Amino acid sequence: MSWGSKHEPVIRLGLIPTEDARAAVKDSEDMIVQLEKLLGMKLKVFVATDYTGVTEALKFKRIDAAFLGPFGYILARDVANAGVEAFASPVKAETGEAGYRSICIARADSPMQKLEDFRGKTFSFTDPASTSGNLIPRYMFKKVGIEPERDFKAVMYSGGHDASALAVAGKKLDGSCFSDEAWSTLLKKGVIKKEELRVIARSDLIPGNPMVWREDLPPETKERVRQAFLTLKDVHMSTLGKLSHFIPYSDKEFDGLRDIVKEMKIDLKKQK
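Mind the numbering: the sequence shown is residues 484 to 755 in our numbering, read in order.
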(Lines of atoms letter the chains of each structure in order from A and count residues from 1; the text may use other names and numbers.)
(Lines give C-alpha, C1' and ligand atoms only; values in the text may rest on other atoms or scores of the structure.)
Protein backbone atom coordinates (compact mmCIF):
# COMPACT_ATOMS: atom_id res chain seq x y z
CA MET A 1 0.00 0.00 0.00
CA SER A 2 1.24 3.49 -0.84
CA TRP A 3 -0.04 7.02 -0.35
CA GLY A 4 -1.59 9.25 -3.00
CA SER A 5 -1.05 12.96 -3.58
CA LYS A 6 -3.62 13.85 -0.92
CA HIS A 7 -2.12 11.40 1.59
CA GLU A 8 -4.90 8.93 0.91
CA PRO A 9 -4.04 5.20 0.92
CA VAL A 10 -3.65 3.62 -2.52
CA ILE A 11 -3.53 -0.05 -3.50
CA ARG A 12 -1.22 -0.66 -6.45
CA LEU A 13 -2.54 -3.48 -8.63
CA GLY A 14 -0.55 -5.17 -11.39
CA LEU A 15 -2.01 -6.82 -14.50
CA ILE A 16 -0.17 -9.17 -16.87
CA PRO A 17 -0.23 -7.99 -20.51
CA THR A 18 -2.74 -10.45 -21.96
CA GLU A 19 -3.65 -7.61 -24.33
CA ASP A 20 -2.56 -4.04 -25.09
CA ALA A 21 -2.00 -2.12 -21.83
CA ARG A 22 -4.55 0.59 -22.56
CA ALA A 23 -7.15 -1.99 -23.55
CA ALA A 24 -6.42 -4.05 -20.43
CA VAL A 25 -7.22 -1.10 -18.17
CA LYS A 26 -10.27 -0.07 -20.18
CA ASP A 27 -11.63 -3.64 -20.24
CA SER A 28 -11.18 -3.88 -16.45
CA GLU A 29 -12.72 -0.50 -15.66
CA ASP A 30 -15.93 -1.71 -14.00
CA MET A 31 -13.94 -4.12 -11.81
CA ILE A 32 -11.59 -1.32 -10.78
CA VAL A 33 -14.51 0.97 -9.89
CA GLN A 34 -16.19 -1.73 -7.80
CA LEU A 35 -12.94 -2.59 -6.03
CA GLU A 36 -12.33 1.04 -5.13
CA LYS A 37 -15.80 1.25 -3.58
CA LEU A 38 -15.32 -1.98 -1.62
CA LEU A 39 -11.81 -1.07 -0.48
CA GLY A 40 -12.65 2.52 0.33
CA MET A 41 -9.42 3.60 -1.36
CA LYS A 42 -8.01 4.29 -4.80
CA LEU A 43 -6.49 1.65 -7.07
CA LYS A 44 -3.42 2.46 -9.13
CA VAL A 45 -3.21 -0.02 -12.01
CA PHE A 46 0.09 -1.09 -13.52
CA VAL A 47 0.34 -3.13 -16.75
CA ALA A 48 3.84 -4.41 -17.49
CA THR A 49 5.27 -4.88 -20.96
CA ASP A 50 5.76 -8.59 -20.23
CA TYR A 51 4.89 -11.16 -17.56
CA THR A 52 8.27 -10.86 -15.84
CA GLY A 53 7.67 -7.14 -15.39
CA VAL A 54 4.77 -7.81 -13.02
CA THR A 55 6.88 -10.26 -11.00
CA GLU A 56 9.69 -7.71 -10.73
CA ALA A 57 7.23 -5.03 -9.62
CA LEU A 58 6.00 -7.32 -6.84
CA LYS A 59 9.51 -8.33 -5.80
CA PHE A 60 10.74 -4.75 -5.53
CA LYS A 61 7.52 -3.57 -3.86
CA ARG A 62 6.39 -1.26 -6.64
CA ILE A 63 2.95 -2.90 -6.49
CA ASP A 64 0.98 -4.51 -3.67
CA ALA A 65 -1.09 -7.14 -5.46
CA ALA A 66 -1.40 -8.54 -8.96
CA PHE A 67 -3.26 -10.76 -11.36
CA LEU A 68 -0.89 -13.48 -12.58
CA GLY A 69 -1.08 -16.52 -14.81
CA PRO A 70 -0.63 -19.91 -13.08
CA PHE A 71 2.83 -20.55 -14.56
CA GLY A 72 3.82 -16.95 -13.91
CA TYR A 73 2.80 -17.45 -10.29
CA ILE A 74 5.01 -20.54 -9.97
CA LEU A 75 7.93 -18.61 -11.45
CA ALA A 76 7.31 -15.63 -9.16
CA ARG A 77 7.00 -17.72 -5.99
CA ASP A 78 9.38 -20.63 -6.58
CA VAL A 79 12.11 -19.06 -8.71
CA ALA A 80 12.14 -15.27 -8.47
CA ASN A 81 11.48 -15.35 -4.72
CA ALA A 82 9.13 -12.43 -5.19
CA GLY A 83 7.45 -13.08 -1.85
CA VAL A 84 3.96 -13.56 -3.27
CA GLU A 85 0.97 -15.59 -2.15
CA ALA A 86 -2.19 -16.57 -4.04
CA PHE A 87 -5.43 -15.66 -2.30
CA ALA A 88 -8.25 -15.65 -4.88
CA SER A 89 -9.19 -16.65 -8.43
CA PRO A 90 -11.98 -15.47 -10.74
CA VAL A 91 -14.91 -17.64 -11.85
CA LYS A 92 -16.04 -17.06 -15.42
CA ALA A 93 -19.73 -16.20 -15.83
CA GLU A 94 -19.94 -18.07 -19.14
CA THR A 95 -18.54 -21.40 -17.93
CA GLY A 96 -18.92 -21.31 -14.15
CA GLU A 97 -15.29 -22.48 -13.92
CA ALA A 98 -12.35 -20.93 -12.11
CA GLY A 99 -10.00 -22.58 -14.60
CA TYR A 100 -9.54 -22.08 -18.32
CA ARG A 101 -8.00 -23.80 -21.33
CA SER A 102 -5.31 -23.31 -23.92
CA ILE A 103 -6.35 -23.45 -27.55
CA CYS A 104 -4.24 -23.74 -30.69
CA ILE A 105 -5.53 -22.18 -33.90
CA ALA A 106 -4.86 -21.98 -37.62
CA ARG A 107 -6.69 -20.23 -40.42
CA ALA A 108 -9.84 -21.97 -41.58
CA ASP A 109 -8.59 -21.96 -45.18
CA SER A 110 -5.39 -23.81 -44.22
CA PRO A 111 -4.99 -27.60 -44.49
CA MET A 112 -4.09 -27.94 -40.81
CA GLN A 113 -6.41 -30.19 -38.79
CA LYS A 114 -4.26 -31.47 -35.91
CA LEU A 115 -1.22 -30.46 -33.89
CA GLU A 116 1.13 -32.60 -35.97
CA ASP A 117 0.23 -30.50 -39.02
CA PHE A 118 2.16 -27.53 -37.61
CA ARG A 119 5.46 -29.22 -38.51
CA GLY A 120 7.38 -26.96 -40.88
CA LYS A 121 5.07 -24.00 -40.19
CA THR A 122 5.54 -20.59 -38.56
CA PHE A 123 4.19 -20.41 -35.03
CA SER A 124 3.65 -18.06 -32.10
CA PHE A 125 3.53 -18.56 -28.35
CA THR A 126 2.59 -15.54 -26.21
CA ASP A 127 5.19 -15.13 -23.45
CA PRO A 128 7.73 -17.52 -21.88
CA ALA A 129 5.94 -17.19 -18.52
CA SER A 130 2.45 -17.77 -19.96
CA THR A 131 0.57 -20.91 -18.98
CA SER A 132 -1.97 -21.18 -21.81
CA GLY A 133 0.31 -19.38 -24.24
CA ASN A 134 3.50 -21.38 -23.67
CA LEU A 135 3.75 -24.05 -20.94
CA ILE A 136 0.59 -26.02 -21.73
CA PRO A 137 0.91 -25.79 -25.55
CA ARG A 138 4.47 -27.10 -25.31
CA TYR A 139 3.17 -29.93 -23.12
CA MET A 140 0.49 -30.70 -25.74
CA PHE A 141 3.07 -30.70 -28.53
CA LYS A 142 5.37 -32.96 -26.53
CA LYS A 143 2.57 -35.50 -26.18
CA VAL A 144 2.44 -35.83 -29.99
CA GLY A 145 6.22 -35.91 -30.44
CA ILE A 146 6.78 -32.31 -31.49
CA GLU A 147 9.62 -30.07 -30.33
CA PRO A 148 8.69 -26.58 -31.63
CA GLU A 149 12.22 -25.19 -32.00
CA ARG A 150 13.22 -28.33 -33.90
CA ASP A 151 10.09 -29.05 -35.92
CA PHE A 152 8.62 -25.64 -36.79
CA LYS A 153 9.93 -23.37 -39.53
CA ALA A 154 9.97 -20.43 -37.10
CA VAL A 155 8.94 -19.87 -33.47
CA MET A 156 8.29 -16.50 -31.85
CA TYR A 157 6.70 -14.93 -28.78
CA SER A 158 4.01 -12.41 -29.65
CA GLY A 159 3.87 -10.67 -26.27
CA GLY A 160 0.13 -11.13 -25.77
CA HIS A 161 -2.83 -13.42 -26.37
CA ASP A 162 -4.53 -10.89 -28.63
CA ALA A 163 -1.34 -10.46 -30.65
CA SER A 164 -1.07 -14.23 -31.16
CA ALA A 165 -4.63 -14.46 -32.44
CA LEU A 166 -4.23 -11.44 -34.72
CA ALA A 167 -0.98 -12.77 -36.19
CA VAL A 168 -2.83 -15.85 -37.47
CA ALA A 169 -5.94 -13.93 -38.49
CA GLY A 170 -3.74 -11.50 -40.43
CA LYS A 171 -1.87 -14.33 -42.18
CA LYS A 172 1.45 -13.33 -40.61
CA LEU A 173 1.86 -16.75 -38.98
CA ASP A 174 0.46 -20.22 -39.61
CA GLY A 175 -0.56 -20.96 -36.04
CA SER A 176 -0.59 -19.91 -32.41
CA CYS A 177 -1.77 -21.03 -28.97
CA PHE A 178 -3.33 -18.84 -26.30
CA SER A 179 -6.17 -18.82 -23.75
CA ASP A 180 -9.76 -19.68 -24.60
CA GLU A 181 -10.73 -16.63 -22.52
CA ALA A 182 -8.93 -14.34 -24.96
CA TRP A 183 -10.52 -16.26 -27.86
CA SER A 184 -14.03 -15.62 -26.53
CA THR A 185 -13.33 -11.97 -25.77
CA LEU A 186 -11.80 -11.24 -29.18
CA LEU A 187 -14.71 -12.92 -30.94
CA LYS A 188 -17.26 -10.90 -28.96
CA LYS A 189 -15.40 -7.68 -29.77
CA GLY A 190 -15.36 -8.58 -33.46
CA VAL A 191 -11.57 -8.32 -33.52
CA ILE A 192 -11.35 -11.80 -35.07
CA LYS A 193 -13.95 -13.79 -37.03
CA LYS A 194 -14.74 -17.36 -36.05
CA GLU A 195 -15.41 -18.44 -39.63
CA GLU A 196 -11.89 -17.39 -40.66
CA LEU A 197 -10.10 -19.43 -37.98
CA ARG A 198 -10.02 -23.05 -36.89
CA VAL A 199 -9.41 -24.35 -33.37
CA ILE A 200 -7.01 -27.25 -33.84
CA ALA A 201 -6.74 -28.38 -30.22
CA ARG A 202 -7.94 -27.58 -26.69
CA SER A 203 -6.12 -28.43 -23.48
CA ASP A 204 -7.52 -29.94 -20.32
CA LEU A 205 -8.68 -27.49 -17.66
CA ILE A 206 -5.88 -25.29 -16.29
CA PRO A 207 -6.02 -23.98 -12.69
CA GLY A 208 -7.51 -20.51 -12.39
CA ASN A 209 -5.47 -17.34 -12.75
CA PRO A 210 -4.47 -16.30 -9.24
CA MET A 211 -4.85 -12.94 -7.60
CA VAL A 212 -1.75 -12.57 -5.44
CA TRP A 213 -0.45 -10.17 -2.85
CA ARG A 214 2.94 -9.51 -1.37
CA GLU A 215 3.36 -11.66 1.71
CA ASP A 216 4.84 -8.73 3.63
CA LEU A 217 1.68 -6.60 3.42
CA PRO A 218 0.13 -5.80 6.82
CA PRO A 219 -2.47 -8.41 7.89
CA GLU A 220 -5.22 -5.79 8.01
CA THR A 221 -4.46 -4.73 4.43
CA LYS A 222 -4.54 -8.35 3.26
CA GLU A 223 -7.90 -8.92 4.91
CA ARG A 224 -9.30 -5.74 3.38
CA VAL A 225 -8.12 -6.77 -0.09
CA ARG A 226 -9.32 -10.37 0.37
CA GLN A 227 -12.81 -9.31 1.40
CA ALA A 228 -13.04 -6.82 -1.47
CA PHE A 229 -12.21 -9.45 -4.09
CA LEU A 230 -14.44 -12.12 -2.54
CA THR A 231 -17.33 -9.63 -2.51
CA LEU A 232 -16.96 -8.65 -6.19
CA LYS A 233 -19.86 -9.75 -8.40
CA ASP A 234 -20.51 -9.61 -12.14
CA VAL A 235 -17.50 -7.63 -13.33
CA HIS A 236 -15.49 -7.59 -16.55
CA MET A 237 -11.74 -8.11 -16.45
CA SER A 238 -9.46 -7.69 -19.45
CA THR A 239 -9.40 -10.75 -21.75
CA LEU A 240 -11.01 -12.94 -19.08
CA GLY A 241 -14.36 -11.42 -19.99
CA LYS A 242 -17.35 -11.44 -17.65
CA LEU A 243 -16.65 -12.80 -14.17
CA SER A 244 -19.43 -13.94 -11.85
CA HIS A 245 -17.34 -13.80 -8.67
CA PHE A 246 -14.00 -14.68 -7.06
CA ILE A 247 -13.26 -17.72 -4.90
CA PRO A 248 -10.55 -18.33 -2.27
CA TYR A 249 -7.38 -19.85 -3.77
CA SER A 250 -4.09 -21.08 -2.33
CA ASP A 251 -0.64 -22.25 -3.39
CA LYS A 252 -1.57 -25.95 -3.43
CA GLU A 253 -3.87 -25.36 -6.43
CA PHE A 254 -0.75 -25.18 -8.61
CA ASP A 255 0.95 -28.43 -7.59
CA GLY A 256 -0.41 -30.16 -10.72
CA LEU A 257 1.31 -27.58 -12.92
CA ARG A 258 4.50 -28.04 -10.95
CA ASP A 259 4.29 -31.75 -11.82
CA ILE A 260 3.99 -30.87 -15.53
CA VAL A 261 7.06 -28.64 -15.27
CA LYS A 262 9.01 -31.54 -13.72
CA GLU A 263 7.77 -33.98 -16.37
CA MET A 264 8.92 -31.65 -19.13
CA LYS A 265 12.27 -31.13 -17.39
CA ILE A 266 11.96 -27.36 -17.72
CA ASP A 267 14.77 -25.31 -16.21
CA LEU A 268 12.68 -22.70 -14.41
CA LYS A 269 15.67 -20.41 -13.92
CA LYS A 270 15.80 -19.91 -17.69
CA GLN A 271 12.13 -18.91 -17.77
CA LYS A 272 12.40 -15.87 -15.51
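Note that the Cβ used here is the ideal one computed from N, Cα and C, for glycine as well. These figures come from a predicted structure and were not determined experimentally.
- Only residues of its own chain outside the window of five on either side were considered, and among them P693, M694, V695, W696, K705, V708, R709, F712, P731, Y732 and S733 have a CB closer than 8 Å to the CB of F570, listed in chain order.
- CA-CA distance, G691 to P553, rounds to 7 Å.
- One Cα belongs to Q596, the other to R545, and the distance between them is close to 45 Å.
- With contacts defined as CB atoms closer than 8 Å, I499 and T614 fail to qualify as a contacting pair.
- In chain order, D634, F635 and K636 place their CB closer than 8 Å to the CB of G603, counting only its own chain and leaving out the 5 sequence neighbours on each side.
- Under the three-state reduction of DSSP output, F601 falls in the helix class.
- V627 is positioned such that its CB atom lies closer than 8 Å to that of L598.
- Every alpha helix (DSSP H) of 4 residues or more that sits fully in the stretch 611-676 is shown, in chain order, as 619-626, 631-634, 644-652 and 663-672.
- Relative to the Cα of R590, the nearest Cα in the group G497, G658 and M720 belongs to G658.
- As the crow flies, the alpha-carbon of D738 is around 33 Å from that of L656.
- Per the DSSP secondary-structure output, K748 pairs with nothing in a beta bridge.
- About 6 Å separates the beta carbon of P631 from that of F606, a gap short enough to meet the 8 Å contact definition.
- Around the beta carbon of M720, 16 or more other beta carbons lie within 10 angstroms, which makes this residue buried.
- Around D533, the same chain offers P500, D610, A612 and G642 as residues with beta carbons nearer than 8 Å, after the five sequence neighbours per side are excluded.
- Shown here, L715 sits in coil according to DSSP, grouped into three states, outside any helix or strand.
- Here the C-alpha atom of F624 lies approximately 18 Å from the C-alpha atom of R741.
- Per DSSP, reduced to three states, the secondary structure at I689 is strand.
- Bounds of any beta strand (DSSP E) do not take in M514; it lies within the alpha helix (DSSP H) bounded by E512 to L522.
- In this structure A548 touches L496 by the C-beta definition: roughly 5 Å separates them, less than 8 Å.
- Contact check for T722 against D645 passes: the beta carbons are separated by less than 8 Å.
- Pairing H728 with V574 gives a Cβ-Cβ distance under 8 Å.
- Distance from the CA of V530 to the CA of L551, rounded to the nearest whole angstrom, comes to 11 Å.
- Counting other Cβ atoms within 10 Å of its Cβ, P594 stays below 16 and is therefore classed as exposed.
- F737 carries a helical assignment under DSSP once its states are collapsed to helix, strand and coil.
- A distance below 8 Å between beta-carbons, with the five flanking residues on each side excluded, links D503 to the following residues of its chain, in chain order: G643 and D645.
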